[in-house]
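Put into structure tokens, the structure is as follows:
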């Protein structure tokens, strides 16, 4: 279900439409099905959260959209950005698409900045690469504008990464990501290494930018709390597949998939101390996965004979709210 | 009775001597003790640079204090005799943050359990050792046949961390220090691990010091909390009170930043605070960033004032309230 | 064994390097069955002969059979490298561990020693020592010992650095909390982890030792009558083999040297991959 964007007249076609995405890695031990048949849409101007644990495939998903998967990995399926299939673009066309149409804020900003380049040059680099020209003054003005947008002092432009704190470095990566006004911002655990106060500030900067610049965002992470604070829609991944997707408030209020239910009930909320409900078992391996739903080993509602045979189809239990679980049909 | 462990006016500085301009003060004049007969879970909370990790390293005897003393059973741990040292090691144990780094990749995971069993004489022979290990593993929800005999890289992070907790179960120390035990573990496993810690605390009356910057898990698992900022105590007391009604502006800042997984409990108004990580050299360390600071705050260091409700905050907003002396910090953590 | 072969396939450097080393060792050991050692020393009338049936590698300016010389000399050069490498590593291990684990004053003293020693050009030290021994006729083992004098500092420093970084790892904390004593921790926790690094260090020391010995011998300082690679090169130069176009005499020792050093470098690279798991190519 698409949500009409407030400001300007937008089409009701989703901005990003991912169809049957499969990212497999062919290794000696077998086939690692990191992403195994993912369907996802991102509407213009919305914030989508993608949550999952280790092995869920969420980070691989982000890299797949950016086509940054190396051998022995292969990407199959369709990734339609405004009707153009990114997987069919040439290497050069894809390179041009990165940063200008889709930009990524990577995990661990500490490591993604070049330690021997001043900040201003790292920002300008991306712009030059995409054909933005200008006099030195013009380029510097762009840099200052960007720094201001991410609430950094203009003095940062001349500094080196090691002179900045973790939060500041993360803001620089945000500045680089928005430097070309992309349509989609993919933030992969952008605040995982930051303290809680800085985390809030950086997240608010990012969501503020998404609002002011009319961007769309995919926030990837494992922190349900951050999701609740920052996104409109939430998609839950498990073992390379989508378990449930819907409006964020709906998912928290009424989760349908057993995994989502258990996940949410394991979270601490104010007023509920001392109640511990974990999920038994361990996340499954995605190497040569067996057929059926991979959550069955840990599922309290498992249906023998059904859940181990086929993976359920997606059922729309409420408008815009899809679940892949045999409990709701989907056979 | 002597406290199990005690920090007596401990100051720890790095990069120079106390008072030198280059020195960074990680912990300042800290007095803290864990009393026997008070088996609580106390959170030591703070951001990076707060001194919480330093406190742990001092209590474990891995750092030497720049000033003050670290005591075990009333004796300075750096002046102990050999037998006392072994007793100290046996009774003060830890679970660390990184589920991979605590294992020596050269050995099987059994090592983590068998070595202390052997060195502390907890079993008489191989059979008994094996029984102890299996029992503890099952208590934390692991199957011995799936975990023992394996190498660390063959197990998942969650399994490895559970083994580390099982180790603490086997040892049943007098004090357990847990340093961010669930931060590198998957969400679905966190509640289980925290439950293991809570059970250990309640069934065996083992006090636990829970060190973290994640106030949600702190809220979930502990009884009391101490909030540190640049090496000093800002607030301390019952965790429910401190998190629901924080009295110190710094705690308020922290609590307001907690991302609660509840769409009905969103981050409120954007906070007006000045950025900056430098602690003040005079007066209250938080004053440069504090929205409620006034003159007195930059001149003198506020002591811990008892606020209504039973928890204490070191803030001049409460000047006039009864003062909690440093040596009486533990009075804020009464028996339940 | 199967696992080993599989691993070697993934780590070609190690495989190739060790195969080359194996080949050289076989050359010098099994090769001895086919020669008469005297031919390496006996001066004959067959001066400067190119390769032929009787002399597969040719002869040198003194009529000595080059094939025999290579078979024996390879072993000698390897021996010098081995002695220098073993002593260098042994001393390096002791000093490196003590400095790294003990820290404090002891560390400062040892580090200063290492730094001073490394600042002085090693070649200079070697020449000084050799000039003291100018009249003495050196044996191969003695050559190894001399070269060992300068080969301990590098390993000591590298090992110390490794120990320093390992010392702060949580598994060492766990060992302490498990009641292990200091020496026990060093022997049981640190050394096994460092084994790949130590073996790599050994191959580097051997490499360094051979290079140093080549340098000295090429200047004529060494076991003069022994057919080591370096001494052979010395005579190549002394008898103007280049000007006379005696290519076989140059080719033989150079090939052996290139093979030896390359094998050591490859082995070192291969071991580095084991020692440094982050460099391992993921499955």
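Residue numbers (my numbering), protein chains in the order written: chain Y, 195 to 525; chain C, 147 to 482; chain A, 204 to 486.
Built from N, CA and C at the ideal position, the CB exists for glycine as well.
Close CB contacts of residue 151 of chain C within its chain, under the 8 Å cut and outside five residues either way in sequence, are with 179, 180, 205, 216, 217, 218, 238, 321 (chain order). Per DSSP, the continuous beta strand (DSSP E) segment holding residue 157 of chain C begins and ends at 151-160. Rounded to whole angstroms, the separation of the alpha carbons of residue 365 of chain C and residue 470 of chain Y is 12 Å.
Per DSSP, residue 438 of chain Y is one residue of the beta strand (DSSP E) stretching across 435-441. As a beta-bridge residue in DSSP terms, residue 465 of chain C pairs with C:467. When C:161, C:286, C:394, C:264 are compared, the shortest CA-CA separation from residue 472 of chain Y is found for C:286.
Take the alpha-carbon of residue 269 of chain C and the one of residue 358 of chain Y: they are about 52 Å apart.
Restricting attention to C:306, C:182, C:328, the CA atom closest to the CA of residue 339 of chain C is found in C:328. The criterion of a C-beta distance shorter than 7 Å is not satisfied by residue 355 of chain C and residue 223 of chain C.
In this structure, the alpha-carbon of residue 231 of chain Y lies about 14 Å from that of residue 219 of chain Y. Looking only at Y:259, Y:393, Y:333, Y:289, the smallest Cα-Cα distance to residue 400 of chain C is reached by Y:393.
Remark: three or more beta-carbon pairs, one from each stretch, lie closer than 8 Å, so the segment 457-476 of chain C and the segment 374-382 of chain C are flagged as touching. Contact annotation: residue 215 of chain Y and residue 229 of chain Y have beta-carbon atoms nearer than 7 Å.
Counting only Cβ-Cβ distances below 9 Å, residue 443 of chain Y has contacts in chain C at 409, 410, in chain order.
Remark: fewer than three beta-carbon pairs, one from each stretch, lie closer than 8 Å, so the segment 340-352 of chain C and the segment 406-420 of chain A are not flagged as touching. Legend: CB atoms of the segment 415-436 of chain Y lying less than 9 Å from CB atoms of chain C belong to residues 416, 417, 418, 419, 420, 421, 422, 423, 424. Think of a sphere of 9 Å around the beta carbon of residue 392 of chain A: the chain C residues whose beta carbon falls inside it are 250, 252, 253, in chain order. Of all C-beta pairs linking the segment 297-309 of chain Y to the segment 238-246 of chain Y, fewer than three are shorter than 8 Å, placing the two stretches out of contact. Interface with chain C (7 Å Cβ-Cβ cutoff): residue 220 of chain A is excluded. Annotation: Cβ neighbours of residue 396 of chain A in chain C (cutoff 8 Å, chain order): 250, 251, 252. The beta strand (DSSP E) runs of length 3 or more contained entirely in the segment 361-427 of chain A do not exist; there are none.
Using a Cβ-Cβ cut-off of 7 Å, residue 468 of chain C does not count as an interface residue toward chain A, since no Cβ of chain A sits closer than that to its own.
DSSP places residue 374 of chain Y outside both helix and strand once states are collapsed to three, so it counts as coil. For residue 383 of chain C, the enclosing beta strand (DSSP E) starts and ends at 378-384. Looking only at C:360, C:294, C:160, C:244, the smallest Cα-Cα distance to residue 372 of chain A is reached by C:244. Within the same chain, 157, 158, 159, 164 come within 6 Å of residue 212 of chain C by CB-CB distance, once the 5 residues on both sides are set aside. For the C-beta of residue 474 of chain Y, the chain C residues within less than 8 Å are, from N- to C-terminus, 287, 338. In its chain, beyond the 5 residues on either side, 372, 375 have a beta carbon closer than 7 Å to the beta carbon of residue 407 of chain Y. Listed in chain order, the positions of the segment 230-249 of chain C with a beta carbon within less than 7 Å of a beta carbon of chain A are 232, 235, 236, 239, 240, 242, 244, 247, 248, 249.
If you check each beta-carbon in the segment 281-306 of chain C against every beta-carbon of chain Y, the ones closer than 8 Å belong to 287, 302, 303, 304, 305. For residue 377 of chain A, at least one C-beta of chain C is nearer than 7 Å to its own C-beta. Residue 215 of chain C is bridged by DSSP to C:154. Taking CB atoms only, residue 446 of chain Y has a neighbour in chain C less than 7 Å away.
For residue 170 of chain C, the secondary structure class from DSSP, reduced to helix, strand or coil, is strand. Between the alpha carbons of residue 242 of chain C and residue 276 of chain C lies a distance of about 24 Å. Think of a sphere of 7 Å around the beta carbon of residue 372 of chain A: the chain C residues whose beta carbon falls inside it are 247, in chain order.
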